[in-house]
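Colleague:
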Amino acid sequence: MKNPEEMKRKIMMIVKIGMILWIIGFLMILTAIYKEFLGSYVSIVDSTASRTLMTLKLGGIGFTLSGIFLSLIAIVKVLSMMPDRLSMLIKKK
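Numbered per the working numbering, the sequence shown spans residues 43 to 135.
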């Protein structure tokens, strides 16, 4: 049987990486919104500004979705550990 403490550490590492990816993505999206409506690209209409904003938006969405996906993987791993933990508790009684 797997060591529950080791599995817990691995799952927490996945959650932390997911949170970091989500935060990076969220900051990229906020930066794109700021630059588009309040920042330096308000009065500029050219292809470079459009590409930069699109890259920030799409990259931010990608990082955010990656973070959510990793967190969901961690949830699935925790749920798959439940039968093992339940069997350990039943054996102790």
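For every residue, glycine included, the Cβ atom is placed at its ideal position computed from N, Cα and C. These numbers come from a predicted model, not from an experiment.
(1) Hey, is the region 97-112 in contact with the region 54-70, meaning 3+ C-beta pairs nearer than 8 Å?
(2) Can you name the start and end residues of the alpha helix (DSSP H) that Lys99 belongs to?
(3) Where Ser85 and Met96 are concerned, what is the direct C-alpha to C-alpha distance, given to the nearest angstrom?
(4) DSSP three-state call for Tyr83: helix, strand or coil?
(5) Is Lys99 closer than 8 Å to Ala74 when the C-beta atoms are compared?
(6) Is it buried or exposed, Met124, if we count other Cβ atoms within 10 angstroms and call 16 or more buried?
Modeller: On the basis of the coordinates in this document:
(1) yes
(2) By one-based count along the sequence shown, residue 99 stands at place 57. Where Lys99 is concerned, the enclosing alpha helix (DSSP H) stretches over Ser89 to Lys134.
(3) In the sequence shown, the residue the question calls residue 85 occupies position 43. In the sequence shown, the residue the question calls residue 96 occupies position 54. Rounded to whole angstroms, Ser85 to Met96 spans 17 Å at the Cα level.
(4) The sequence position of residue 83 within the sequence shown is 41, counting from 1. In this structure, Tyr83 counts as coil in the three-state DSSP scheme.
(5) The sequence position of residue 74 within the sequence shown is 32, counting from 1. The sequence position of residue 99 within the sequence shown is 57, counting from 1. Contact flag set, yes.
(6) On the sequence shown, residue 124 is found 82 positions in, with the first residue counted as 1. Classification of Met124: exposed, given that the 10 Å Cβ count is below 16.
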